[in-house]
Amino acid sequence: MQRRNVLKGLGLTATAAMTAKPALAQGAGSAASAPLSPWPSPQLATRNRLGHCRIGNGPTVCVVLHEWLGDHVNWEPVLPYLDPARYTIVFMDLRGYGWSRDVSGSYTLDEAVADVLHTADELAISRFHLVGHSMSGLVAQKIALQAGPRLQSVTLFSPVPPTGFRADEAAMKALNAVIDDDGAAGRAITART
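For the sequence shown, position 50 (counting from the first letter as 1) is numbered 50 according to our numbering, and the numbering increases by one without interruption.
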C-alpha cells in the first residue's frame, strides 16, 4: 500500500518519476546473519525530519538525494571515495523510501521539497551543495527555485525535466501498471538493472 501511495503522489507530479518499493540498507534475516551496513549511525525518519545518514564532519556540506526505484543504498559505491575531513555528506531518503519508508503523506513534489529543506533546518544546515538523481533531480530543481540562496551548487544526474516528458499511451499504461501490479514493479526494477 505504501508504494502505491508514493507512486500516485510524486509519480503524477513527474509523469513517471517513482515506481517501486525502496530497498533497505541491510539484507533480510536475523541480526547475526545480516551483512554489516557501511552507513554509520543512520537516523530513521521522525515527524520532523527525513531519514538520513551523515558522513564526515568537514566544513563543506553536501546533501545527496536518491533516484527513482532506489534509496540511499544505491550511493554505496561512492562511499570509499568521500573525504570526511573536508566534507559533511548527508544522504536523505524521501518519504516512502529507505530510512523514511514508513512516513506517510501526499507524496507530492512540493512535499518532498519541504521535507528536504525542513530536514536541513533540523540538522542546522544553512548552506549546502545539493545532488539529485532522476526523480530527486526534479526535487533539486524545485529547491533551487525556492531556496536558491541556501545552495552553493546543484548537481543533477539524469534529472526528470521540470516540463515533464511525452509518453505515448502504451508507455503510460506500463508506468501506471507499476502502481498497482507487483509483477510490473518487479519487471521495472529488473529492466533497470
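Cβ atoms here follow ideal geometry from the backbone N, Cα and C, with glycine treated the same way.
Where does residue i fall in DSSP's three states?
i	result
V139	helix
V178	helix
G183	helix
S153	strand
Y97	coil
L145	helix
Within the continuous alpha helix (DSSP H) that includes residue i, where are the two ends?
i	result
R118	Checking the sequence shown, residue 118 turns out to be His, not Arg. First-last of the alpha helix (DSSP H) with H118: L109 to E122.
What does the Cβ neighbour count give for residue i, buried or exposed, with the cut at 16 atoms within 10 Å?
i	result
V78	exposed
E76	exposed
Y81	exposed
A28	For A28, the predicted structure reports a pLDDT of 36, less than 50, and the residue's modelled location is therefore unreliable. The matter cannot be settled from this model.
D71	buried
G186	exposed
T46	exposed
A120	buried
S100	buried
T88	buried
E169	exposed
What are the start and end residues of the beta strand (DSSP E) that includes residue i?
i	result
F128	F128 to H133
F195	There is simply no residue 195 to check, as the chain begins at 1 and stops at 193 in what is shown.
I125	Per DSSP, I125 belongs to no beta strand (DSSP E) and is neither H nor E.
H52	H52 to I55
Using DSSP bridges, identify the partner residues of residue i.
i	result
T60	Y87
L69	L69 pairs with nothing; no bridge assigned.
Closer than 8 Å, CB to CB, is residue i near chain B or not?
i	result
S134	Any reference to chain B falls outside this structure, which holds one protein chain only.
- Item | Touch test, the stretch 135–152 against the stretch 107–116, Cβ-Cβ under 8 Å, three pairs minimum | Touching, yes, given that three or more Cβ pairs across the two stretches are closer than 8 Å.
- Message: I want to know whether the stretch 43–58 touches the stretch 88–96 - three or more CB-CB distances under 8 Å.
- Response: Flag = yes, the stretch 43–58 and the stretch 88–96 touch.
- Message: Counting beta carbon pairs with one atom in the stretch 125–145 and one in the stretch 153–172, are three or more of them shorter than 8 Å?
- Response: Contact between the stretch 153–172 and the stretch 125–145 is present, because at least three Cβ pairs lie under 8 Å.
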